[in-house]
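The structure appears below as structure tokens.
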Amino acid sequence: MSGLTYLIPIALGMGLIGLAAFFWAMRTGQYEDMEGAANRILIDDEDEL
Amino acid sequence: MNLATALDPGAEALVDTRLTAPGIRCAGCIGKIERDLPKFAGVASARVNLSAKRVLVRHAASVSDSDLVEAMRAIGFEAQAVSAGPLSADDAETKALLRALAVAGFGMMNIMLLSVSVWSGAGGATRELFHWLSAIIAVPVVAYSGQPFFKSALRALRHGRTNMDVPISIGVTLATGLSLFETVTWGEQAYFDGAVMLLFFLLAGRALDATMRGRTRAEIGALLSKMGRSASVVQPDGSAHRVPADLLEPGMLMLVAVGEALAADGVVEAGAGAIDNAMLTGESAPEAVGPGCPVHAGAINLLGPLQVRVTAAAGDTAIAHIAQLMDEAGQSRSRYVRIADRVSRLYAPVVHTLAALAFTGWMIAGAGWHQSLVIAIAVLIITCPCAMGLAVPAAQVVAAGALGRRGLLVKDGGALERLSEVDVALFDKTGTLTLGEPRPDLAGLTDAAKAVALALAQVSRHPLSRGLTAGLLAQGIVPAAVTEIAEVAGSGITGMFDGKPVALTSAPAGGSRLACELAIGGKRTMIEFRDELRPDVLETLAQLKAMGIESQIVSGDRAEAVASIAARLGIPGSGGISPQAKLALLEDLKAQGKRPLMVGDGLNDGPALAAAHASIAPGSASDLSQQAADAVSVGERLLPVALAVRAARRTMQIVRQNFGIAVLYNLCAVPLAVLGLVTPLIAAIAMSASSLIVIGNSLRLARAAR
Numbered sequence: 033m034s035g036l037t038y039l040i041p042i043a044l045g046m047g048l049i050g051l052a053a054f055f056w057a058m059r060t061g062q063y064e065d066m067e068g069a070a071n072r073i074l075i076d077d078e079d080e081l
Numbered sequence: 014m015n016l017a018t019a020l021d022p023g024a025e026a027l028v029d030t031r032l033t034a035p036g037i038r039c040a041g042c043i044g045k046i047e048r049d050l051p052k053f054a055g056v057a058s059a060r061v062n063l064s065a066k067r068v069l070v071r072h073a074a075s076v077s078d079s080d081l082v083e084a085m086r087a088i089g090f091e092a093q094a095v096s097a098g099p100l101s102a103d104d105a106e107t108k109a110l111l112r113a114l115a116v117a118g119f120g121m122m123n124i125m126l127l128s129v130s131v132w133s134g135a136g137g138a139t140r141e142l143f144h145w146l147s148a149i150i151a152v153p154v155v156a157y158s159g160q161p162f163f164k165s166a167l168r169a170l171r172h173g174r175t176n177m178d179v180p181i182s183i184g185v186t187l188a189t190g191l192s193l194f195e196t197v198t199w200g201e202q203a204y205f206d207g208a209v210m211l212l213f214f215l216l217a218g219r220a221l222d223a224t225m226r227g228r229t230r231a232e233i234g235a236l237l238s239k240m241g242r243s244a245s246v247v248q249p250d251g252s253a254h255r256v257p258a259d260l261l262e263p264g265m266l267m268l269v270a271v272g273e274a275l276a277a278d279g280v281v282e283a284g285a286g287a288i289d290n291a292m293l294t295g296e297s298a299p300e301a302v303g304p305g306c307p308v309h310a311g312a313i314n315l316l317g318p319l320q321v322r323v324t325a326a327a328g329d330t331a332i333a334h335i336a337q338l339m340d341e342a343g344q345s346r347s348r349y350v351r352i353a354d355r356v357s358r359l360y361a362p363v364v365h366t367l368a369a370l371a372f373t374g375w376m377i378a379g380a381g382w383h384q385s386l387v388i389a390i391a392v393l394i395i396t397c398p399c400a401m402g403l404a405v406p407a408a409q410v411v412a413a414g415a416l417g418r419r420g421l422l423v424k425d426g427g428a429l430e431r432l433s434e435v436d437v438a439l440f441d442k443t444g445t446l447t448l449g450e451p452r453p454d455l456a457g458l459t460d461a462a463k464a465v466a467l468a469l470a471q472v473s474r475h476p477l478s479r480g481l482t483a484g485l486l487a488q489g490i491v492p493a494a495v496t497e498i499a500e501v502a503g504s505g506i507t508g509m510f511d512g513k514p515v516a517l518t519s520a521p522a523g524g525s526r527l528a529c530e531l532a533i534g535g536k537r538t539m540i541e542f543r544d545e546l547r548p549d550v551l552e553t554l555a556q557l558k559a560m561g562i563e564s565q566i567v568s569g570d571r572a573e574a575v576a577s578i579a580a581r582l583g584i585p586g587s588g589g590i591s592p593q594a595k596l597a598l599l600e601d602l603k604a605q606g607k608r609p610l611m612v613g614d615g616l617n618d619g620p621a622l623a624a625a626h627a628s629i630a631p632g633s634a635s636d637l638s639q640q641a642a643d644a645v646s647v648g649e650r651l652l653p654v655a656l657a658v659r660a661a662r663r664t665m666q667i668v669r670q671n672f673g674i675a676v677l678y679n680l681c682a683v684p685l686a687v688l689g690l691v692t693p694l695i696a697a698i699a700m701s702a703s704s705l706i707v708i709g710n711s712l713r714l715a716r717a718a719r
């Protein structure tokens with residue numbers, strides 16, 4: 033029983049972190065151009081970074 | 014991100030402009046635009062969206078839209094500025110649904126974790142604790158994620174109607190309320206998991222549907238922007254002045270330079286040459302004009318400067334009338350009732366009646382109000398259309414994905430439903446059955462002649478010259494060193510090669526309309542142009558026929574041209590049909606109870622595309638036609654048209670099966686619920702099982718587009 037006092041908040045906290053990450057990703061437009069994201073790794077930008 | 018190179022930050026306010034550039038296809042294009050565009054003065058950064066084929070440019074306010082379009086052209090992309098309007102509203106709705114879905118998913122997982130412990134026998138204080146924890150999670154989750162349903166249900170009730178969202182809202186609210194009551198009174202059963210799971214599955218269906226919905230209707234502004242924005246008007250004192258298109262008035266005299274788009278309808282007063290009417294009629298051959306010829310806004314002046322007396326301007330031009338027709342034609346489609354709504358109209362009253370009957374039945378049978386209410390709510394939850402909510406969108410999303418991989422982009426789920434019902438197909442000719450661009454027949458030319466022809470043709474923007482240039486470049490021809498090249502408006506291009514005069518001139522009058530003549534020294538060669546049929550036209554028509562769909566051609570082109578193609582294809586065809594007449598023809602077919610499929614590309618097909626029961630536009634179609642159509646087929650092939658109809662029919666078959674599964678599930682589950690045998694565990698299993706079966710059945714459509 034005493035284990036639950038740690039485990040449940042930990043489980044909920046992890047879920048909330050995931051949820052917050054999703055909201056952040058959505059707000060910053062990470063899902064707006066999935067096709068572009070897939071293609072961008074193919075750009076060879078060796079110049080200034 | 015590529016940041017400013019030629020810009021002093023803070024010196025000037027930066028503004029954002031969206032450009033649409035259909036030519037963006039690959040990583041190379043992204044790299045090129047994002048690297049090269051910021052090199053232009055005043056441009057701070059560019060960000061490409063490959064899915065939407067758009068570029069977001071951040072630039073100094075002093076840089077105008079046309080400067081940006083020019084800059085894009087300089088690095089090799091045709092572009093056009095767009096307003097953010099139509100896309101963003103849809104986007105906001107999709108995002109709200111996805112957020113609600115994420116919250117519901119979070120709540121469902123955590124509550125399920127606690128519920129499983131309760132079901133596996135946790136009792137006493139542990140059960141109380143878990144119920145309280147579930148309540149703390151569930152109440153905010155329901156309040157947040159339920160909003161799309163609550164809002165829509167309220168809207169429907171306020172108008173005295175009912176929809177699928179009404180039983181959902183009542184079921185979820187009652188289940189949450191009852192579970193709260195159970196928790197507070199230390200009761201045994203809480204339905205938090207059921208309520209949240211219901212929301213999760215339903216939101217999944219809604220989110221699928223919303224992500225599928227494309228950019229539906231365009232604003233009319235997009236069309237009018239194709240018209241010349243201003244014109245040079247001759248003032249009484251003889252000087253010329255730029256006047257914006259909406260300030261032009263009948264009677265004014267416009268000076269139209271070569272390459273300029275006309276800003277108003279008018280009659281040519283002086284000058285001779287040719288105009289490109291492709292925007293208006295979809296016909297690729299230029300039309301010769303001289304004094305007295307009527308010309309329309311949106312046409313592009315190709316050869317020599319013209320003086321045009323304005324006869325109609327702004328809202329009275331032919332192009333504005335087409336825009337208006339399209340707008341009106343689109344209305345009938347918005348009245349189409351989608352299958353999910355038709356089903357829910359039957360379903361919602363039945364569910365409510367059942368729940369009410371269960372409640373009164375148990376009250377009469379002597380159960381307490383508490384037990385009767387629990388049973389009534391169990392009925393509501395168990396009948397709540399989880400599988401129903403997924404039945405349509407799951408199938409349509411899978412089918413649209415499969416079609417997308419075969420080169421047919423479907424705008425929304427409703428489009429698939431309407432495509433499945435068509436029983437007669439109308440095809441435009443130029444650009445739809447044919448490729449829409451004149452291709453030269455180069456068989457009669459030697460390599461040396463080809464090189465000379467290319468050198469001459471590449472300086473001109475006449476459509477035939479451009480067709481010839483494209484055809485020659487495709488063969489890997491290198492232009493010859495022709496000197497003293499000059500384009501004589503109205504007749505052709507001349508130059509000197511190897512000490513001999515060379516010329517590329519339009520064909521002598523009386524010959525075939527689509528031809529030009531190459532002269533090298535004294536030797537003259539005819540180059541004929543043909544607008545080729547798409548390679549798979551016959552196969553497409555045969556497949557449509559096999560599905561019971563008769564085809565015919567309706568074109569704005571000359572009747573003889575249409576008749577010869579119609580004869581070759583063995584289908585009826587009629588030519589010289591105006592946009593209004595096409596619309597009338599469609600209305601006529603609809604009045605006969607037919608459901609016409611319109612396939613067309615030109616702006617003149619726009620109203621017909623918007624009015625037809627379903628419509629498909631080739632990828633080469635004008636922007637507006639693409640936006641008016643239900644689906645856009647990419648590439649040179651016509652076969653996706655037949656494929657679309659077949660896949661749409663298959664999709665509706667699966668959708669009906671899905672409804673069948675949902676009904677079957679209800680037939681099994683409802684009696685259990687009415688008898689009071691449904692525990693939260695059974696409800697959870699039944700709901701997720703039926704949803705999974707429906708999703709699994711829909712996945713079979715992944716191969717529908719074969």
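Quick note, the sequences are listed as chains A and B, same order.
Under my numbering, the first residue of the first sequence is numbered 33, with each subsequent residue one higher.
Under my numbering, the first residue of the second sequence is numbered 14, with each subsequent residue one higher.
All residues carry an ideal CB built from backbone N, CA and C; glycine is no exception.
Residue i and residue j closer than 8 Å at C-beta
i, j, result
"L602/B", "P592/B", "no"
"S243/B", "P257/B", "yes"
"R543/B", "E649/B", "no"
"M401/B", "A642/B", "no"
"V302/B", "G279/B", "no"
"L268/B", "Q320/B", "yes"
"V647/B", "L422/B", "yes"
"A660/B", "A717/B", "yes"
"W145/B", "T198/B", "no"
"L127/B", "S147/B", "yes"
"A696/B", "I388/B", "no"
"L275/B", "H309/B", "yes"
"A57/B", "R48/B", "no"
"G734/B", "D460/B", "Only positions 14 to 719 of chain B appear in this structure, which leaves residue 734/B out of reach."
"V179/B", "A169/B", "yes"
"D29/B", "L69/B", "yes"
Within chain B, the residues that residue i reaches when beta carbons sit closer than 8 Å
i, result
"G47/A", "F119, M122, N123"
"L51/A", "A115, V116, F119"
Residue i: contacting residues in chain B (beta-carbon distance under 7 Å)
i, result
"G68/A", "I43, V61, N62, L63, S64"
"L74/A", "A40"
8 Å Cβ cutoff, residue i in contact with chain A
i, result
"V129/B", "no"
"C39/B", "yes"
"L32/B", "no"
"K52/B", "no"
"K424/B", "no"
"K108/B", "yes"
Any chain B beta carbon closer than 8 Å to residue i
i, result
"A43/A", "yes"
Closer than 9 Å at the beta carbon, the chain A residues around residue i
i, result
"L111/B", "F54, M58, Y63"
"K164/B", "Residues of chain A passing the Cβ test: none, with the nearest at roughly 20 Å."
Proximal chain A residues relative to residue i, where beta-carbon distance stays under 8 Å
i, result
"L126/B", "A43"
"L146/B", "I40"
Next item on the list: Determine contact between the segment 38 to 47 of chain B and the segment 55 to 63 of chain B, defined as no fewer than three beta-carbon pairs at a distance below 8 Å.
Entry: yes
Item checked: Complete alpha helix (DSSP H) runs within the segment 256 to 324 of chain B (minimum length 4 residues, chain order) -> If we require 4 residues or more, the alpha helix (DSSP H) runs fully inside the segment 256 to 324 of chain B come out as 291 to 294.
Next item on the list: Could you name each continuous beta strand (DSSP E) segment of 3 residues or more that falls completely within the segment 395 to 425 of chain B, going from the start of the chain to the end?
Entry: Here the runs fully enclosed are 421 to 423.
Check: Of all the beta strand (DSSP E) runs that stay within the bounds of the segment 614 to 696 of chain B, which reach a length of 3 or more residues?
Finding: 627 to 631, 644 to 646
Notebook entry, point to check: Which runs of the beta strand (DSSP E) spanning at least 3 residues fall entirely within the segment 493 to 552 of chain B, listed in chain order?
Noted result: Fully enclosed beta strand (DSSP E) runs of 3 or longer: 496 to 501, 505 to 510, 513 to 519, 528 to 533, 536 to 543.
Note to self: Could you check whether the segment 172 to 186 of chain B touches the segment 360 to 375 of chain B, counting it as contact only if at least three pairs of C-beta atoms, one from each stretch, sit closer than 8 Å?
What the structure shows: yes
Check: Of all the beta strand (DSSP E) runs that stay within the bounds of the segment 127 to 182 of chain B, which reach a length of 3 or more residues?
Finding: Runs found: none.
Notebook entry, point to check: Is there contact between the segment 479 to 497 of chain B and the segment 452 to 470 of chain B, where contact requires at least three CB pairs shorter than 8 Å?
Noted result: A contact between stretches requires three or more CB pairs, one per stretch, nearer than 8 Å, and the segment 479 to 497 of chain B meets this requirement with the segment 452 to 470 of chain B.
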